[in-house]
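Trainee: The structure that follows is given in the form of structure tokens.
In the working numbering, the protein residues as written are 2 to 178.
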């Protein structure tokens, strides 16, 4: 009886990672979309494709012209329960620039939960605890609790460093841990 209880606790304490998305050659990118500052009259432009190595490549340029300044890559999906998980893990290679990773508990939610990270130019595995995602709407931090939803329905990568710059972010996978 005690051994069965210990096995139950061990199996439920160390939950294996749950994949949100892994890029591979030939995988569909349905659900992924670019949203640039063009929706507000800006002139930034991002693009997205899966390259021949099976890596998702989000690249383009950001310009502050015409009150612009951001490009984002968003993925909406049916939803993944967060119970039993404590963080999101990104496996990617950046260009040495700062990016944001964003989550939404509901596709209809107006605000996002944001975590900023710096890329190194090398392949990185970045682990982001849920408690470190800060609520934000249009660049303003909101006075509500950090991420504590029971599911995720949208993830996004965003670059918006308030300068004119080219960017390239190579994404291998996003998972819960």
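Using N, Cα and C, we set each Cβ at its ideal position, and we do this for glycine too. This one's a predicted model, so the numbers in the text were calculated from it and none came from an experiment.
Taking all protein chains shown into account, do 16 or more other C-beta atoms lie within 10 angstroms of the C-beta of residue 63, making it buried, or fewer, making it exposed?
Mentor: Position 62 of the chain shown, counted from the first residue, corresponds to residue 63. Buried: at least 16 other Cβ atoms inside 10 Å.
Trainee: Between residue 83 and residue 113, what straight-line distance do the alpha-carbon atoms span, to the nearest angstrom?
Mentor: To locate residue 83, count along the chain shown from 1; it is residue 82. To locate residue 113, count along the chain shown from 1; it is residue 112. Roughly 16 Å separates the two Cα atoms.
Trainee: If we count the other Cβ atoms within 10 Å of its Cβ and call it buried at 16 or more, is residue 103 buried or exposed?
Mentor: Start at 1 with the first residue of the chain shown, and residue 103 comes out as number 102. The residue is buried, with at least 16 neighbouring Cβ atoms inside 10 Å.
Trainee: Residue 167: which of 60, 21, 56 and 153 sits nearest, CA to CA?
Mentor: If you number the chain shown from 1, residue 167 lands on position 166. Here the closest residue by C-alpha is 60.
Trainee: Report the option in 27, 73 and 39 whose CA atom is closest to the CA atom of residue 52.
Mentor: The residue labelled residue 52 in the question sits at position 51 within the chain shown. Minimum Cα distance to residue 52 is reached at 27.
Trainee: Would you mind giving the Cβ-Cβ distance between residue 70 and residue 38, rounded to the nearest angstrom? I have them listed as a contact below 8 Å.
Mentor: Residue mapping note: residue 70 aligns to position 69 of the chain shown, counting from 1. Residue mapping note: residue 38 aligns to position 37 of the chain shown, counting from 1. Yes, they are in contact, since the Cβ atoms of residue 70 and residue 38 sit about 6 Å apart, within 8 Å.
Trainee: Between which two residues does the beta strand (DSSP E) harbouring residue 117 extend?
Mentor: Here residue 117 is taken as the residue at index 116 of the chain shown, counted from 1. Segment 113-119, the beta strand (DSSP E) holding residue 117.
Trainee: Which residues bound the beta strand (DSSP E) around residue 23?
Mentor: Residue numbering aside, residue 23 sits at position 22 when the chain shown is read from its first letter. First-last of the beta strand (DSSP E) with residue 23: 19-23.
Trainee: Output needed for residue 230: all residues of its chain with C-beta closer than 7 Å, excluding positions within five of it in sequence on either side, in chain order.
Mentor: Nothing can be reported for residue 230: it is not among the residues displayed for the chain, which extend from 2 to 178.
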